[in-house]
Amino acid sequence: MPFTVGDVIAERTVHLTRESLVRYAGASGDFNPIHYRDDVAAEVGLPGVLAHGMLTMGIASSVVVAALEPTARIVDYGVRFTKPVVVDPETGADVHVLATVGAVEETAARIDLKVMFGDATVLVKAQLRVAI
């Protein structure tokens, strides 16, 4: 896949539900109750039950991986968490991911990810590098 700075590689909105969080907890082994119990989230001052940070990070990278050639190789991936994704018990939460080419080097392309929940950016400095 040829990479050109500014090109949109992928864009997708992923809907999360409380069931999504339970499934992720089972797969990851992260059973912190802030990810499934409203009372515990409230007790520790959170605005509600939160999606796992690693789930949000995984969703963001999966949007890019799905758009790449099957033989593509991710060589680096990093993010900074800025805001939580609060998953409403009734309506869930939508996480929107926009992936654009930020830089092209001799051996890799940097893909910049804009990851939003509503009007809030939930991951910053979200970048992955793809070998070319």
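Taking the numbering used here, the leading residue of the sequence shown gets 877, the next gets one more, and so forth.
Virtual Cβ for every residue (Gly too), placed ideally from N, Cα, C.
When the distance is taken between beta carbons, is residue j closer than 7 Å to residue i?
| i | j | result |
| --- | --- | --- |
| arginine 894 | valine 980 | no |
| isoleucine 1008 | alanine 985 | yes |
| serine 938 | tyrosine 953 | no |
| valine 925 | aspartate 914 | yes |
Applying the criterion that 16 or more other CB atoms from any shown protein chain within 10 Å of the CB defines a buried residue, is residue i buried or exposed?
| i | result |
| --- | --- |
| threonine 983 | exposed |
| phenylalanine 993 | buried |
| arginine 1005 | buried |
| methionine 933 | buried |
| histidine 891 | exposed |
| valine 920 | exposed |
| alanine 917 | buried |
| valine 998 | buried |
Can you name the start and end residues of the beta strand (DSSP E) that residue i belongs to?
| i | result |
| --- | --- |
| glycine 954 | 950-957 |
| glutamate 981 | Taken as a continuous stretch (DSSP letters only), glutamate 981 belongs to no beta strand (DSSP E), as it is neither H nor E. |
If you follow the alpha helix (DSSP H) that residue i is part of, which residue opens it and which one closes it?
| i | result |
| --- | --- |
| glycine 934 | 929-943 |
| aspartate 915 | 914-919 |
| arginine 887 | Note that residue 887 corresponds to glutamate in the displayed sequence, not to arginine. Careful: glutamate 887 lies outside any alpha helix (DSSP H), inside the beta strand (DSSP E) at 884-892. |
Inset, instruction - Give a yes or no on contact between the region 953-969 and the region 914-933, applying the rule of three or more CB pairs nearer than 8 Å. - result: Touching, yes.
Legend entry - Segment contact flag, the region 879-889 with the region 940-953, C-beta cutoff 8 Å, min 3 pairs: Verdict: yes, contact present.
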